[in-house]
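Just so you know, the numbering used here puts 102 at position 102 of the sequence shown, and the rest follows in order with no gaps. Where a beta carbon is used, it is the ideal one built from N, C-alpha and C, also for glycine.
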Amino acid sequence: MKPLPILLLQHKLKFNVLANAAGYTWLALVQIALIPVYIFFMGIEAYGLLGFYVTLQAILQVFDFGLTPTLNREVARLSSSSGEASGTGSFVRTVEYIYWPIGILLAVSILVAAPYISSHWIHAETLSEAMVREAIWLMGGLMMIQWPLALYLGGLMGTQRHVLVNGLQIGFSIFTDGGAILVLWLVSPTITAFLKWQILAGILRCLLARQVLWNLLPVVEEAVRFNRAGLERIRHFAAGMSGIALTAIILTQFDRVVLSRLLSLEQFGYYMIAATAANGLLIIVNPVFSAVFPRFSALAAAGNADSVKALYRLSTQLLAILVLPLGVMLCTFSRELLFVWTGNIELARNTAAVLCLLAIGRMLNGLMHIPYALQLAYGWTGLGFRLNVVLVILFVPGVLWMASQYGGAGAATMWAVINAIYVFIGVPLTHRRLLPGEATRWFKEGFFLPLVITLAVIWTGRQVLPSFDEFSLAECAYACLIGMAAIVCSCLGVPEARRWASGEFAKIRQAFV
Numbered sequence: 001m002k003p004l005p006i007l008l009l010q011h012k013l014k015f016n017v018l019a020n021a022a023g024y025t026w027l028a029l030v031q032i033a034l035i036p037v038y039i040f041f042m043g044i045e046a047y048g049l050l051g052f053y054v055t056l057q058a059i060l061q062v063f064d065f066g067l068t069p070t071l072n073r074e075v076a077r078l079s080s081s082s083g084e085a086s087g088t089g090s091f092v093r094t095v096e097y098i099y100w101p102i103g104i105l106l107a108v109s110i111l112v113a114a115p116y117i118s119s120h121w122i123h124a125e126t127l128s129e130a131m132v133r134e135a136i137w138l139m140g141g142l143m144m145i146q147w148p149l150a151l152y153l154g155g156l157m158g159t160q161r162h163v164l165v166n167g168l169q170i171g172f173s174i175f176t177d178g179g180a181i182l183v184l185w186l187v188s189p190t191i192t193a194f195l196k197w198q199i200l201a202g203i204l205r206c207l208l209a210r211q212v213l214w215n216l217l218p219v220v221e222e223a224v225r226f227n228r229a230g231l232e233r234i235r236h237f238a239a240g241m242s243g244i245a246l247t248a249i250i251l252t253q254f255d256r257v258v259l260s261r262l263l264s265l266e267q268f269g270y271y272m273i274a275a276t277a278a279n280g281l282l283i284i285v286n287p288v289f290s291a292v293f294p295r296f297s298a299l300a301a302a303g304n305a306d307s308v309k310a311l312y313r314l315s316t317q318l319l320a321i322l323v324l325p326l327g328v329m330l331c332t333f334s335r336e337l338l339f340v341w342t343g344n345i346e347l348a349r350n351t352a353a354v355l356c357l358l359a360i361g362r363m364l365n366g367l368m369h370i371p372y373a374l375q376l377a378y379g380w381t382g383l384g385f386r387l388n389v390v391l392v393i394l395f396v397p398g399v400l401w402m403a404s405q406y407g408g409a410g411a412a413t414m415w416a417v418i419n420a421i422y423v424f425i426g427v428p429l430t431h432r433r434l435l436p437g438e439a440t441r442w443f444k445e446g447f448f449l450p451l452v453i454t455l456a457v458i459w460t461g462r463q464v465l466p467s468f469d470e471f472s473l474a475e476c477a478y479a480c481l482i483g484m485a486a487i488v489c490s491c492l493g494v495p496e497a498r499r500w501a502s503g504e505f506a507k508i509r510q511a512f513v
């Protein structure tokens, strides 16, 4: 079978990445912009409680059992095969029958555990125990609604209708977040009022996402019903994804669980602010991953190995020239960026070191998303699971000791360390099986070369930094210019990204000639 033309791949990938980038950028920027607003209305302890919910929600994803990424992969695979497209609806219905009862059970579990959590786990000083307990009860209701929503969005991404999906996400965000501000401003500036609105908005979002997904599935004459054979076919992949999810949840959330117990709710809120800032890198990572994963799956199913390799090289280098400069900039200008964001000098000074460490870990973790997408596209979940098990063995005792000794900075240090191990072990093992001979090229063109260029540009920019007032907006703007310069220089320095940029520039020039 002849490989798909690389220009066609780049064209489709470009629009999917742009659509995902628009959606993720909007969602992330709105989240970042609203944090100071939420703190203003509800206080830092209430924001810490929201951080606890985010952590709880992530931990409970272990009960997804790998179904969401499996649905994404199967919808992409079945839809690309004319002979199997008719089975897509039955597969979605089968997963629905499993997913909804799980969400209900999780909600009931949270309701039962709320009294213990509010009295023995959460250390609130200004919020009453009764309000904390009521908030956790509401979190249980919100969990039940948001649980199937994640499944439907995963299925929508599998259809590769990325413009539509991200348009829905942006619309959901405007409705939900805009309504939340109005509730806090006009009704009640409390976390309970905030959560009640989230439940109402979540019901509408879930119903709409479900309807859109079913409208996009292939129309078939036979009735859509529970398909046991479909579960048998994907059980190994789903089981592998479940194992990866369990270990990944431990790696990404264990530090927060420990700190929510050790720190006051206020200090935990500060740590979550740093984590949110570091997760800003996901604005870049998630759109690329969401675009290439279903594309890898379709190409792998069709046996287009050459197209897989071409797409892999391009996406790897494009991700590197964006993530590395932004990650290094977060480390270098962490205090300035935190102050401009929150307007709190004391918070910026006390949280800068934690942000720097978390940003290093997130930057390294982001680079592994393309190799990970390749593993999943070929149904190889064993490597990710075994790697995560090794990292968990190192991470759990490391966080327990480091957090008890150094607080948030200690936990953040362990996050950076395990992601460095992840990159230097995971990349060679991935390439040895799926793309033999590509590991050296990945480290050279997808890591070290853009990293060296980035460090040189940002270090030079830091040395010639003009004389600004401490924590000034002008200094932050200068930092952004340095970051943009690092991205441009990195793009010019790596071959695949340079060729892609040259092609795009030529198209723009022809359009104006």
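- At least 7 Å separates the beta-carbon of isoleucine 170 from that of glycine 280.
- For tryptophan 147, the enclosing alpha helix (DSSP H) begins and ends at 129 to 158.
- The Cβ atoms of proline 495 and alanine 320 do not sit closer than 7 Å to each other.
- Annotation for lysine 196: the continuous alpha helix (DSSP H) segment containing it runs 191 to 216.
- If the five residues before and after isoleucine 117 are omitted, its C-beta is found closer than 7 Å to the C-beta atoms of Ile136, all from its own chain and listed in chain order.
- In the three-state DSSP reduction, isoleucine 122 falls in the coil class, being neither helix nor strand.
- Considering only Ala245, Tyr378, Gly43, the residue with the shortest C-alpha distance to glycine 269 is Gly43.
- Excluding the 5 residues flanking it on each side, arginine 73 has same chain C-beta neighbours closer than 6 Å at Ser297, in chain order.
- Runs of the alpha helix (DSSP H) lying entirely within the stretch 376 to 438, each at least 4 residues long, are 382 to 434 in chain order.
- With respect to the 7 Å criterion, valine 354 and alanine 409 are classified as neighbours on the basis of their beta carbons.
- Distance from the CA atom of phenylalanine 194 to the CA atom of lysine 444, rounded to whole angstroms, is 48 Å.
- The C-alpha of glycine 48 is placed about 6 Å away from the C-alpha of leucine 265.
- CA-CA distance, leucine 429 to arginine 386, rounds to 11 Å.
- Rounded to whole angstroms, the separation of the alpha carbons of leucine 184 and proline 436 is 55 Å.
- If you draw a straight line from the Cα of leucine 200 to the Cα of isoleucine 244, it is about 32 Å long.
- When rounded, the separation of the alpha-carbon atoms in glycine 66 and methionine 144 is 18 Å.
- Per DSSP, reduced to three states, the secondary structure at glycine 269 is helical.
- Alanine 420 is a Cβ neighbour of leucine 364, given a cutoff of 7 Å.
- Spanning the alpha carbons of phenylalanine 63 and leucine 481 requires a straight line of approximately 43 Å.
- Judged by beta-carbon spacing, glycine 155 lies within the 7 Å limit of valine 75, meaning their Cβ atoms are closer than that value.
- At least 7 Å separates the beta-carbon of leucine 367 from that of leucine 434.
- In terms of Cβ geometry, glycine 483 and proline 287 do not form a close pair [threshold 7 Å].
- Remark: three or more beta-carbon pairs, one from each stretch, lie closer than 8 Å, so the stretch 252 to 263 and the stretch 395 to 409 are flagged as touching.
- Distance from the CA atom of serine 334 to the CA atom of glycine 303, rounded to whole angstroms, is 45 Å.
- Between the alpha carbons of tryptophan 442 and leucine 153 lies a distance of about 31 Å.
- Going by C-alpha positions, leucine 208 is about 11 Å away from asparagine 215.
- Approximately 12 Å separates the beta-carbon atoms of valine 95 and leucine 217; this is outside 8 Å, ruling out the contact.
- Look at phenylalanine 339 here: in three-state DSSP terms it is helix.
- The three-state reading of DSSP puts asparagine 72 in helix, counting H, G and I together.
- When Tyr378, Phe395, Gln463 are compared, the shortest CA-CA separation from alanine 301 is found for Tyr378.
- Taking the Cβ atoms as the reference, glutamine 253 lies roughly 5 Å from alanine 58, within the contact range of under 8 Å.
- For the 7 Å CB-CB criterion, valine 285 and histidine 369 form a contact.
- For leucine 357, the enclosing alpha helix (DSSP H) starts and ends at 345 to 367.
- Excluding sequence positions up to five before and after isoleucine 191, its CB lies within less than 8 Å of the CB of Met42, Ala46, Leu49, Leu50, Leu127, Met131, Ala135, all in the same chain and listed in chain order.
- Where valine 323 is concerned, the enclosing alpha helix (DSSP H) starts and stops at 305 to 332.
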